[in-house]
Amino acid sequence: MWTFEVSHPFAPGLEVRRHRLHNGLTLLVLADGAAPIVSYQTWYAVGSCHERPGATGMAHLFEHLMFNQTVSRPPGVFDRLIEQTGGDTNAATWVDWTHYRDTVPARDLAMVVELEADRMANLLLESPQLESEREVVANERMQRVDDDIDGFADEELGRLAFTVHPYRWPTIGWMEDIRRMQLEEVRAFYRTYYAPNNATLVVVGDVEEAELLALVERHYGELPAADLPEGPPAIEPAQSGERRVRFQKPTAAARLLHGYRAVAMGDPDWPVLSFLGALLSAGPSSRLYRRLVAEKEIATSVHADVAPFRDPALFRISVLLTRDHTPEDAEAEIADILGELAAAPIGDEELDKVRSVVETDFWTELEGVDGRAEALGHYQTVLGDYRRLFEMAEALAQVSAADLQRAVASYLVPAQRSVVIIDPDPELAEDDEGDHEEGDQ
Amino acid sequence: VSAPLTFEPAAGIPLCWFTAAVRVGGALDPVGLEGFTRHTAELARRGAGGMDRARLDDAVDRLGATLDVEVDRDWLALSATCLERNLDRTVALAAAVLADPMMSEREHEVLRRETQHEIDEVRDDDGTLVERYFQMQCAPGHAYGRTIIGTVASLERIEREAAARHHQGLWAPDNLVVGVAGPITPPRAREVAEALEAAVAGRSAIAPPALPAPETPPGRRLYLIDKPQRTQCQLWIGHGAPAYGTGDFLALMPVETAFGGMFSSRLMQEIRVKRGWSYGASCRMYRSRAPHWFRIALAPTREVAVDALLLTLELFEQLAARGIEPDEHEFAVRHLTGGLLFSQATPRQRMRQAVRHRLLGLDPDYPRTIGPALEAVTVDQARAAAARWLRPDDLCITLVATADEMVPRLEKAGLPPTEIIPFDAY
Chain A
301 MWTFEVSHPF
311 APGLEVRRHR
321 LHNGLTLLVL
331 ADGAAPIVSY
341 QTWYAVGSCH
351 ERPGATGMAH
361 LFEHLMFNQT
371 VSRPPGVFDR
381 LIEQTGGDTN
391 AATWVDWTHY
401 RDTVPARDLA
411 MVVELEADRM
421 ANLLLESPQL
431 ESEREVVANE
441 RMQRVDDDID
451 GFADEELGRL
461 AFTVHPYRWP
471 TIGWMEDIRR
481 MQLEEVRAFY
491 RTYYAPNNAT
501 LVVVGDVEEA
511 ELLALVERHY
521 GELPAADLPE
531 GPPAIEPAQS
541 GERRVRFQKP
551 TAAARLLHGY
561 RAVAMGDPDW
571 PVLSFLGALL
581 SAGPSSRLYR
591 RLVAEKEIAT
601 SVHADVAPFR
611 DPALFRISVL
621 LTRDHTPEDA
631 EAEIADILGE
641 LAAAPIGDEE
651 LDKVRSVVET
661 DFWTELEGVD
671 GRAEALGHYQ
681 TVLGDYRRLF
691 EMAEALAQVS
701 AADLQRAVAS
711 YLVPAQRSVV
721 IIDPDPELAE
731 DDEGDHEEGD
741 Q
Chain B
18 VSAPLTFEPA
28 AGIPLCWFTA
38 AVRVGGALDP
48 VGLEGFTRHT
58 AELARRGAGG
68 MDRARLDDAV
78 DRLGATLDVE
88 VDRDWLALSA
98 TCLERNLDRT
108 VALAAAVLAD
118 PMMSEREHEV
128 LRRETQHEID
138 EVRDDDGTLV
148 ERYFQMQCAP
158 GHAYGRTIIG
168 TVASLERIER
178 EAAARHHQGL
188 WAPDNLVVGV
198 AGPITPPRAR
208 EVAEALEAAV
218 AGRSAIAPPA
228 LPAPETPPGR
238 RLYLIDKPQR
248 TQCQLWIGHG
258 APAYGTGDFL
268 ALMPVETAFG
278 GMFSSRLMQE
288 IRVKRGWSYG
298 ASCRMYRSRA
308 PHWFRIALAP
318 TREVAVDALL
328 LTLELFEQLA
338 ARGIEPDEHE
348 FAVRHLTGGL
358 LFSQATPRQR
368 MRQAVRHRLL
378 GLDPDYPRTI
388 GPALEAVTVD
398 QARAAAARWL
408 RPDDLCITLV
418 ATADEMVPRL
428 EKAGLPPTEI
438 IPFDAY
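Chains as they are written, first to last, in the working numbering: chain A, 301 to 741; chain B, 18 to 443.
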């Protein structure tokens, strides 16, 4: 039995409606017949922050296993059924969630509903599947982290910035944990987290709502709710001094990564920090880009943003240096720019400029059915209410110069910063041991 | 408007997209001057209409717009995304870039240095690095094999005055194609096209280059791009292929899909699903104006790289000898025709697709004809095309790996490198 909960306008003639099934399954529907396709996404509120040390990478490995075999469908059938429609299926895992995306012709919606309900409850987990996917994930890790300088630097930033919180480990997991994962742990993970009351279905595209509700109820209605464990209790202690680590890699250009302790996505300061990220690095006239890339040629790229996570995480500044400059050159400029922003409010013209940039970015993400479903699913899963997406747009439009000045002074300070530096060393041998220079751990 | 115009009306979100593009791109660059066309196009974006780079960037950002240059082998484009209320002002800035770029000496030097740093970035990314070397080696000397961004040496040879002249020939009415999408009326879209066309009026166009079919040298050539500390090998294998839009290309599309275009394709099943040897394994024919090439890509871990290479070669030999099975053909056609919906789902996608096809010398409605044309391809036609085009004995094999570890393994397998090239040599 369905309970209608809320609706919210999306665009003229379009609205997003939320329903809840008796077993706790949440459904968001945005019916839009502009194209005869549908994006069907399943967001599970489980990610790498629900793992424990020694079993890191479980949520991501499990994402791979979800494409394998159910009690009634042999390996490969799931992919074949989606592929025969011309559609596409994929998945993603991050710290707070795992989501599965099927984009299919609208006429194939019923098939997708059946497939997703089936793998929510009836996945077959045996050793051959685990062993095959273990190797694939190990390869993926090599590609994204071990042989990728930026992936490596990101991983080291998490390890440095968090001492106890699960954001300390990478979503893909440590290689030793990927290698040792046991079948029984994987089965327990499935039984614990893959249940209707831990999932949100997001359906965007050419659908009839009444028909969809009937379909979903038919296939998910019998699935039992699970006893979900309490959320991760870890609270990261306050940081009392800068942490810094340095590595060498075979590259011509150095990297600099700053991670400042920031706030959770639900915090009123999150949109201020998000706006600040745009002020610093969105567009060629942004403060950091102009100074570091265009004027001083210290860097080839620069990026600043705040992590969209459920728990307090990092405001991150990443810089790819030019080969003639050092991370210290970039750090001096960053300190100068942040000092300016903390000392005086920005002018109205710059404030209006960033507002326009942020507004365009907001709508750009909502162009297609997949982008719309992803944004809605993310806000529903991380903040508990998809309407926060639209509130966020309003909050971003109302960020003031005083807000920005206060945020820089409060958050972007060296004592709350972790720093990862990658220096060029083409002659470096196999050893990648970091050289910890200073810090409070 | 005399330039071909594609307009796609939109509703729902307050954004507009427009593109001005021309039918010439990086393939114009002569040997030794690789990167010339891209440098010219990027330099034009760095100051125009009496505004230097900083003022132009400010003007674009104030509108919440993006105004980006994109350079392909066959075309180049200036594309914008903007809020509907700022459309006219964004078009004016784009028109200034086309009509009146500053092409300043300072920005010329800055851009040269920036591009040289970009080459450093390419060297850091193994996936991009293997592509750069594969392109160079697949059909040596062919214009499609030349790097679009250039080399450290070729960038040094580019002169500002020559770039300024090149801009006038690139952006000319005879080569121009315009696309507009957004919540606006057709007359307003025509005004956009008129403004962009007026910006290039009176110029003589550079003709698209004549491009012969690529000639892949006989035999198997293996280029090992030597980079320290690799835990994986980025591996590309390929040779020449028919031009997009031809009957043979169409007949090979189900072959491409069944072999390496889906998760359930042969390559993915054998390499990833059965053995876990690589995160991805795929193949692709390039969609270009002239005959281009076909390539297979995978990234096995170093311990199994040689086994993965040998298995891939064996699978490719089987494909060339026997083609695909009737059930594979039927499934691939179904997948391809069903998938056409998704590349045409939004107004922006439809606009871009029509513009791209015009740039390749095809009818903008060509994508809409692909479905019925594919359904008419028989498995025998697909097999015949595979027999004509797939040549497992004449391959360019390029891998990024650490030579000290990989060379003995390759030699033991009877695949000694033709050449070992330092990763930062090109």
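Think of the CB as a built atom: it goes at the ideal place given N, C-alpha and C, for glycine as much as any other residue.
Under the rule that 16 or more other beta-carbon atoms within 10 Å means buried, what is residue i, buried or exposed?
i, result
"A/PHE753", "The requested residue 753 of chain A is not part of the displayed model; chain A covers only 301 to 741."
"A/VAL316", "buried"
"B/ALA371", "buried"
"B/GLU51", "buried"
"B/ALA180", "buried"
"B/SER221", "exposed"
"B/PRO439", "exposed"
"B/GLU148", "buried"
"A/MET301", "exposed"
"A/ASP629", "buried"
"A/LYS549", "buried"
"B/PRO157", "exposed"
"A/ASP731", "The predicted position of A/ASP731 is uncertain, since its pLDDT is 41 and thus under 50; no value can be drawn from it."
"B/ALA298", "buried"
"A/ALA613", "buried"
"A/HIS399", "buried"
"A/GLU733", "Since pLDDT at A/GLU733 reaches only 41, below the 50 mark, its modelled position is unreliable, and the value read off the structure follows with that caveat. Exposed is the call here."
"A/ARG407", "exposed"
"A/PRO336", "exposed"
Using only alpha-carbon positions, find the residue among the options that is nearest to residue i.
i, options, result
"B/VAL77", "B/ALA179, B/LEU100 and B/ILE223", "B/LEU100"
"B/GLN398", "B/GLU347, B/ALA418, B/TYR383 and B/ASP382", "B/GLU347"
"B/VAL394", "B/LEU267, B/GLN185, B/HIS125 and B/ASP142", "B/LEU267"
"A/ILE472", "A/ALA635, A/GLU351, A/ARG544 and A/GLU511", "A/GLU351"
"A/PRO524", "A/THR600, A/LEU325, A/GLY668 and A/HIS678", "A/LEU325"
"A/VAL504", "A/MET366, A/ASP402, A/ALA417 and A/ALA453", "A/ASP402"
"A/ARG320", "A/ALA331, A/VAL306 and A/PHE310", "A/VAL306"
"B/PRO47", "B/ARG174, B/ARG102 and B/THR107", "B/ARG174"
"B/GLU211", "B/PRO118, B/LEU80 and B/VAL18", "B/VAL18"
"A/PRO645", "A/ARG706, A/ASP448 and A/LEU696", "A/ARG706"
Since I believe residue j is in contact with residue i (beta carbons under 8 angstroms), could you give me their beta-carbon distance rounded to a whole number of angstroms?
i, j, result
"B/ASP105", "B/SER96", "Contact doesn't hold; Cβ gap of about 17 angstroms is too wide."
"A/ASN439", "A/THR370", "Not quite, the Cβ-Cβ distance comes to about 25 angstroms (not below 8 angstroms), so this is no contact."
"B/GLY388", "B/LEU357", "5 angstroms"
"B/LEU10", "B/PRO409", "Outside the shown range of chain B (18 to 443) lies residue 10 of chain B, about which nothing can therefore be said."
"B/VAL272", "B/ALA430", "27 angstroms between Cβ atoms; not a contact."
"A/LEU328", "A/VAL502", "5 angstroms"
"A/THR356", "A/ASP477", "5 angstroms"
"B/ASP75", "A/SER656", "At roughly 12 angstroms, the Cβ-Cβ gap does not stay under 8 angstroms, so B/ASP75 and A/SER656 are not in contact."
Can you tell me the Cα-Cα spacing of residue i and residue j, whole angstroms?
i, j, result
"A/HIS736", "A/GLU649", "In this prediction, A/HIS736 scores a pLDDT of 42, lower than 50, which makes its location untrustworthy; the coordinate-derived value is nonetheless stated afterwards. Distance between the alpha carbons of A/HIS736 and A/GLU649: 43 angstroms."
"A/LEU638", "A/PRO375", "54 angstroms"
"B/LEU172", "A/ALA578", "32 angstroms"
"A/LEU683", "A/GLY566", "6 angstroms"
"B/ALA160", "B/LEU379", "21 angstroms"
"B/ARG237", "B/THR164", "23 angstroms"
"B/THR23", "B/ARG365", "11 angstroms"
"B/PHE385", "B/HIS374", "The sequence as given places Arg at residue 385 of chain B; Phe does not occur at that position. If I take the Cα positions, the gap works out to 11 angstroms."
"A/HIS558", "A/ALA534", "23 angstroms"
"B/ARG123", "A/GLU595", "11 angstroms"
"B/LEU416", "B/HIS134", "23 angstroms"
"A/ALA499", "A/LEU689", "18 angstroms"
"B/PRO203", "A/ALA554", "50 angstroms"
"A/LEU588", "B/GLU126", "21 angstroms"
"A/ASP624", "B/ARG177", "24 angstroms"
"B/PHE151", "B/ILE414", "8 angstroms"
"B/THR263", "B/LEU228", "15 angstroms"
Determine the chain E residues that contact residue i at a beta-carbon separation under 7 angstroms, and present them in chain order.
i, result
"A/GLN698", "Judged by its chain identifiers, the structure shown contains no chain E, and its protein chains are A and B."
- Task: Examine the Cβ distances between the segment 113-126 of chain B and the segment 216-227 of chain B and report whether three or more of them are shorter than 8 angstroms.
- Result: yes
- Does the segment 596-611 of chain A come within contact of the segment 658-672 of chain A, defined as at least 3 CB pairs closer than 8 angstroms? no
- Would you check if there are 3 or more beta carbon pairs closer than 8 angstroms linking the segment 273-283 of chain B to the segment 413-433 of chain A? no
- Query: Are there three or more Cβ pairs, one per stretch, closer than 8 angstroms when the segment 252-267 of chain B is compared with the segment 303-318 of chain B?
  - Reply: yes
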